[in-house]
Every structure is written in structure tokens, then in C-alpha cells.
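Following the numbering used here, the numbering of the sequence shown begins with 76 at its first residue and continues without gaps.
Cβ coordinates follow ideal geometry from the N, Cα and C atoms, glycine included.
To start, the structure itself, in C-alpha cells.
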Amino acid sequence: MMKQLFFALTLIILLASCGKMKDPVFKGIENVKLNKARFDSSMVTLDIRYLNPNNFNGRLKEAEGDAWMDSSYLGHFIVDSSIDVPANSEFLVPVKLAVDMKQILKHSFAALLNDEVLLRITGQARAGKSGFYRTFSLNYQGMQNLREIFK
76 MMKQLFFALT LIILLASCGK MKDPVFKGIE NVKLNKARFD SSMVTLDIRY LNPNNFNGRL
136 KEAEGDAWMD SSYLGHFIVD SSIDVPANSE FLVPVKLAVD MKQILKHSFA ALLNDEVLLR
196 ITGQARAGKS GFYRTFSLNY QGMQNLREIF K
């Protein structure tokens with residue numbers, strides 16, 4: 076009887092502490108650097124700033140997806156290291172983006188004429204806490220100021 080009561084109380088405490096995890100909020104792009112420049116594809120590293128709206132810290136285990144600029148495919152990105160995510164705070168996610176240089180060169184003149192471009196990101200990430208991880212979608216679409224990104 077005592078074991079059943081202990082199990083029931085433990086289960087209630089676990090369920091009560093596991094509130095619904097809110098998705099992170101995209102805040103912007105920083106620290107863009109071109110690495111390994113080639114004619115067909117190049118590797119770009121950048122930091123994406125997010126806000127964790129949850130009242131608890133966690134860990135981002137992995138993420139990957141695709142990026143577009145003004146409806147032109149930029150390339151595939153990955154996050155290949157775990158990131159500690161503080162509660163109710165902004166955090167940076169270092170991203171490696173394999174860029175299709177043909178598309179960039181094709182649309183670079185139009186992008187240079189405009190201060191802002193439409194940036195779209197889709198993908199998936201896996202995050203959680205204490206062994207409880209969930210996969211969530213990465214979906215962002217919004218105008219980004221190129222001068223701010225590349226300063």
C-alpha cells in the first residue's frame with residue numbers, strides 16, 4: 076500500500092511539474108561570417124538570437140532545416156552542438172549554413188538594392204530538460220535588415 080501511495084505521489088508531482096513547453100521566439104541574426112568560400116557552395120556561420128519564454132531552463136540538443144531569402148533557396152543549416160537555454164532569457168544558437176552560391180549570386184544585386192529582405196527558415200529542433208525532450212518545428216518568416224545582419 077505504501078509503495079502504491081509513493082508511486083502515485085511521484086507521478087502527480089512529475090505531471091504537475093511538466094507544464095506545456097512554449098516554442099522559442101526568433102529575435103534576429105548576428106555575427107554572420109563567410110567560411111570556405113567556393114563557386115558552387117560556401118559555408119556560412121552565424122548566430123540566431125532566440126527568447127526562451129518558459130519559466131525553466133533547458134537544453135537544445137540538435138536542429139536542422141532550410142533557409143530562403145526573398146523566395147530563393149539559400150541552403151541547409153545545422154546546429155551541431157548542444158546549447159544551454161536559460162529560463163525567460165535570450166540565448167544565441169550557433170548555426171552552420173551551407174549556402175548555394177549560384178542562388179546568392181543570381182539574386183545578390185536585387186538584395187543590394189534593398190535594405191531589407193524576406194527571410195524564411197523552416198526545420199526542426201530537439202530541446203528539453205532532464206531527459207524529457209521534444210521535437211518542435213522551426214518556422215520563421217519576416218523582413219531582415221541586411222545592414223544590421225552584416226555589420
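What's the call for residue i, buried or exposed, on a 16-neighbour Cβ count within 10 Å?
i       : result
Leu-109 : exposed
Asn-129 : buried
Gly-150 : buried
Val-170 : buried
Ala-91  : Per-residue confidence for Ala-91 stands at a pLDDT of 49, beneath the threshold of 50, marking its modelled position as unreliable; the derived number appears in the next sentence. Exposed.
Gly-140 : buried
Gly-206 : exposed
Where does residue i fall in DSSP's three states?
i       : result
Lys-108 : strand
Would you call the CB atoms of residue i and residue j closer than 8 Å?
i       : j       : result
Leu-194 : Met-144 : yes
Ser-164 : Asn-106 : no
Val-168 : Tyr-125 : yes
Phe-152 : Val-160 : no
Ile-123 : Gln-219 : no
Ala-162 : Phe-211 : no
Asp-175 : Tyr-215 : no
Kindly indicate if chain D contains any beta-carbon less than 8 Å away from that of residue i.
i       : result
Glu-137 : Considering every chain present, this structure includes no chain D. It has just one protein chain.
Would you kindly work out how many angstroms separate the C-alpha atoms of residue i and residue j, rounded to a whole number?
i       : j       : result
Asp-115 : Lys-102 : 30 Å
Glu-223 : Val-192 : 12 Å
Lys-177 : Gly-198 : 22 Å
Leu-135 : Ile-196 : 17 Å
Leu-112 : Ala-142 : In the sequence on display, residue 112 carries Ala and not Leu. One C-alpha to the other measures close to 18 Å.
Thr-120 : Leu-172 : 6 Å
Gly-203 : Val-100 : 15 Å
Ala-138 : Tyr-208 : 13 Å
Ser-156 : Asn-189 : 34 Å
Ile-158 : Lys-97  : 17 Å
Ala-200 : Lys-95  : 16 Å
Secondary structure, alpha helix (DSSP H): runs of 4+ residues fully inside the region 144-207: Those alpha helix (DSSP H) runs which fall completely within the region 144-207 and span 4+ residues are 176-188.
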